[in-house]
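S.K.:
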Amino acid sequence: MATALSSPELDNLAVLGQSLRLARRRRNLTQDEMADRMGVSRPTYSQLERGSATVGLGILLRAMTVLGYPERIGGLLAEDPIGDAMDDASGRQRIRKPHGLADF
Numbered sequence: 727m728a729t730a731l732s733s734p735e736l737d738n739l740a741v742l743g744q745s746l747r748l749a750r751r752r753r754n755l756t757q758d759e760m761a762d763r764m765g766v767s768r769p770t771y772s773q774l775e776r777g778s779a780t781v782g783l784g785i786l787l788r789a790m791t792v793l794g795y796p797e798r799i800g801g802l803l804a805e806d807p808i809g810d811a812m813d814d815a816s817g818r819q820r821i822r823k824p825h826g827l828a829d830f
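Residue numbers for the sequence shown follow my numbering, so the first one is 727 and each next one is one higher.
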């Protein structure tokens, strides 16, 4: 069973939604046009812009692809200073980055 999202997590979703809205508007796209290009309904896309936690990652990936920057999803965790520090502290060898994962 999933637990409710914390306030900071909900805030991050709201910021993500606002960023998507701004990117869409800068491209002079309506929500209907955006949803059509993504292959989803306008209400589904609208939920994404509102920061709804119920919208799947696949929908977010489609939105980012339509907006012109799909590569950013793969780079979200490319830099992991906490994980690197933990590896260094434990003496473990760092895990290599998967082939094809770009530095961001």
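All residues carry an ideal CB built from backbone N, CA and C; glycine is no exception.
For F830, which of helix, strand or coil comes out of DSSP?
M.R.: Summary for F830: the model assigns pLDDT 41, below 50, so the residue's position carries little reliability; its value from the coordinates is reported in the next sentence. Reduced to three states, the DSSP call for F830 is coil.
S.K.: Helix, strand or coil for A789? Go by DSSP, reduced to three states.
M.R.: helix
S.K.: Please classify L774: is it buried, with 16 or more other beta-carbons within 10 angstroms of its beta-carbon, or exposed?
M.R.: buried
S.K.: What number of angstroms, rounded off, separates the C-alpha of F830 from the C-alpha of R768?
M.R.: Residue placement at F830 is poorly supported in this model, since its pLDDT is 41, which falls under 50; the coordinates still yield a value, given next. Cα to Cα, the separation comes out at about 31 Å.
S.K.: Figure out for me which residue from I808, V741 and A779 has the closest Cα to the Cα of A730.
M.R.: A779
S.K.: Can you name, in chain order, every residue of its own chain whose Cβ lies under 7 Å from the Cβ of L742, other than the five neighbours on each side?
M.R.: So the list reads G777, once near-sequence residues are dropped.
S.K.: Taking only three categories from DSSP, how would you classify L746?
M.R.: Here L746 sits in helix by DSSP.
S.K.: Given this structure, state the Cα-to-Cα distance separating L693 from R751, to the nearest angstrom.
M.R.: Nothing can be reported for residue 693, as the shown portion of the chain is limited to 727 through 830.
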